[in-house]
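J.: Read left to right, the first sequence gives residues 72 to 344 (this note's numbering).
Think of the CB as a built atom: it goes at the ideal place given N, C-alpha and C, for glycine as much as any other residue.
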Amino acid sequence: MPELPEVETIARELNEVLPGRSIREVRIFRADALGVVPAEAFRGSLLGQCFTRVRRRGKYLLFHLHPRGFLVGHLRMTGKFILSPRLARPHPHHRAWFELDDDTLLIFQDLRCFGTLTVVERLSRHPSLRLLGMDPLSRGFTVDWLERAAGESRMPLKNWLMDQSKLAGLGNIYAAEILFAAGLSPFRSTNAMTRAEATRLHQATRRLLRQAIKMRGTTISDFRRVDDKTGEFQNFLRVYGKEGLPCPACRSPIARARQQQRSTFYCPTCQPS
DNA sequence: AGCGGAACCTGTCGGC
DNA sequence: TGCCGACAGGTTCCGC
Numbered sequence: 072m073p074e075l076p077e078v079e080t081i082a083r084e085l086n087e088v089l090p091g092r093s094i095r096e097v098r099i100f101r102a103d104a105l106g107v108v109p110a111e112a113f114r115g116s117l118l119g120q121c122f123t124r125v126r127r128r129g130k131y132l133l134f135h136l137h138p139r140g141f142l143v144g145h146l147r148m149t150g151k152f153i154l155s156p157r158l159a160r161p162h163p164h165h166r167a168w169f170e171l172d173d174d175t176l177l178i179f180q181d182l183r184c185f186g187t188l189t190v191v192e193r194l195s196r197h198p199s200l201r202l203l204g205m206d207p208l209s210r211g212f213t214v215d216w217l218e219r220a221a222g223e224s225r226m227p228l229k230n231w232l233m234d235q236s237k238l239a240g241l242g243n244i245y246a247a248e249i250l251f252a253a254g255l256s257p258f259r260s261t262n263a264m265t266r267a268e269a270t271r272l273h274q275a276t277r278r279l280l281r282q283a284i285k286m287r288g289t290t291i292s293d294f295r296r297v298d299d300k301t302g303e304f305q306n307f308l309r310v311y312g313k314e315g316l317p318c319p320a321c322r323s324p325i326a327r328a329r330q331q332q333r334s335t336f337y338c339p340t341c342q343p344s
């Protein structure tokens, strides 16, 4: 589910509400599934702390805590953060409750139990965060950077776009959409891109991510905002999930292939290898 | 370096 | 109707 635009949407919505709220109680329902074993230490590191800011890095959510440390969350496939009034009992998919000082709940829910929560003193100490590459919405993401970084790899373009140590934040849906918008084949070797192609890829990446954030993300089946509303960008997808349907540009059928053990959607005519 | 495969866990959908 | 396999937006291991 959640890729950069969805995580950004959640971060923005939480950042509207959480700063200034403190954590009165933490209840863990599936410590094993959260990677917060021992749960008691996790709870203890959060009790009484105050949220000061929520932001995103790659697909990670970063909750700044006062006086110390950070809660780092990753939604993986089906994780969600939900703001809710008090509840009598947890839903079976609820993995953790953070009871706040205004009597509301921040709920971490995750059907498939892939999502993770971690508390760290410093972000530089988080092993996975340290490995993240360039954020495609950051100032450092330029055509020059893209051309240079791409020149160092012979991976297929789609693999490269989804490699979080290269670019941080793209997943299967947006990688496919960006490559279509840029007119580039997912199978093309990354270092074979011309300057003109790198420019198209850069522009498509920026444009689609910004548009998707404006639409508050893509809801295929699961994704929900913190108030349980869906995103709207699914209405603008042009190739993802469109196998056999006519290409919006040239009407030839959208193809589906297997790449990195996942589905890749593309137009063989508009994105020639 | 980078690939394929498997693993983590649960639910849904299509085919027979 | 019911069972079974394939598949799902992510990451991280391991072996080659």
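Exposed or buried, glutamate 350, counting other C-beta atoms within 10 Å across all chains shown (16 or more means buried)?
T.: As shown, the chain starts at 72 and ends at 344. That puts residue 350 outside it, with no answer to give.
J.: Leaving out five residues on either side along the sequence, give the residues of the same chain with a beta carbon under 7 Å from the beta carbon of arginine 287.
T.: Thr80, Arg296, Gly302, Glu303, listed in sequence order.
J.: Based on DSSP bridge pairs, tell me the residues matched to threonine 335.
T.: Paired residues: Ala328.
J.: Identify whether proline 76 lies in helix, strand or coil by the three-state DSSP scheme.
T.: Three-state DSSP puts proline 76 in a helix.
J.: Going along the chain, which residues of its own chain have a beta-carbon closer than 8 Å to the beta-carbon of arginine 259, five neighbours each way excluded?
T.: For arginine 259, where only same-chain residues beyond five positions count, the Cβ hits under 8 Å are Pro227, Leu228, Ser344.
J.: Among Phe122, Pro156, Cys321, Arg147, which one has its Cα closest to the Cα of aspartate 298?
T.: Cα-wise, what sits closest to aspartate 298 is Pro156.
J.: Can you tell me where the beta strand (DSSP E) holding arginine 98 begins and where it ends?
T.: Residues 94 to 99.
J.: From valine 97 to arginine 329, what does the alpha carbon distance come to, in whole angstroms?
T.: For valine 97 and arginine 329, the distance between alpha carbons rounds to 42 Å.
J.: Between the Cα of cysteine 341 and those of Asn306, Asp103, Ser256, spot the shortest distance and give me the residue it belongs to.
T.: Nearest option by C-alpha distance: Ser256.
J.: For my contact list, arginine 128 and leucine 203 are in at a C-beta cut-off of 8 Å; report their separation, rounded to the angstrom.
T.: The Cβ separation is near 6 Å, so the contact holds.
J.: Do the region 206 to 214 and the region 164 to 184 meet, that is, are 3 or more Cβ pairs less than 8 Å apart?
T.: No, the region 206 to 214 is not in contact with the region 164 to 184.
J.: Less than 8 Å between the beta carbons of leucine 105 and leucine 188, yes or no?
T.: Going by C-beta atoms, leucine 105 is nearer than 8 Å to leucine 188.
J.: Could you give the first and the last residue of the continuous beta strand (DSSP E) run that contains isoleucine 249?
T.: It is not in any beta strand (DSSP E) - isoleucine 249 instead sits in the alpha helix (DSSP H) that spans 243 to 253.
J.: Hey, would you say arginine 166 sits closer than 8 Å to arginine 101, going by beta carbons?
T.: Yes, Cβ-Cβ distance for arginine 166 and arginine 101 is below 8 Å.
J.: Can you pull the DSSP bridge partners for methionine 205?
T.: Per DSSP, Leu238.
J.: Just reading off the beta strand (DSSP E) that valine 191 is part of, what are its end residues?
T.: Note, valine 191: beta strand (DSSP E), 187 to 191.
J.: Considering just the uninterrupted stretch of the beta strand (DSSP E) at aspartate 181, what are its terminal residues?
T.: Unbroken beta strand (DSSP E) run through aspartate 181: 175 to 181.
J.: Helix or strand or just coil, what does DSSP make of arginine 266?
T.: Three-state result, arginine 266: helix.
J.: Report the option in His197, Glu218, Arg327, Phe294 whose CA atom is closest to the CA atom of phenylalanine 251.
T.: Nearest option by C-alpha distance: Arg327.
J.: What separation, rounded to the nearest whole angstrom, lies between the Cα atoms of alanine 85 and serine 199?
T.: At residue 85 the sequence reads leucine, which differs from the alanine that was named. In a straight line, the C-alpha of leucine 85 is about 22 Å away from that of serine 199.
J.: Helix, strand or coil: how does DSSP classify phenylalanine 134 here?
T.: Phenylalanine 134 falls in the strand class under three-state DSSP.
J.: With DSSP as the reference, label threonine 123 as helix, strand or coil.
T.: DSSP places threonine 123 in strand when its eight states are reduced to three.
J.: What does the alpha-carbon distance come out to for the pair tyrosine 337 and isoleucine 249?
T.: If you take the alpha carbons of tyrosine 337 and isoleucine 249, they lie about 10 Å apart.
J.: Given that a residue counts as buried once 16 or more other Cβ atoms are within 10 Å of its Cβ, and exposed if not, what is threonine 290?
T.: Buried is the call here.
J.: Return the chain-ordered list of same chain residues with a C-beta closer than 6 Å to the C-beta of proline 324, the five sequence neighbours on each side being excluded.
T.: Once the five neighbours on either side are set aside, the close Cβ partners of proline 324 are Gly315.
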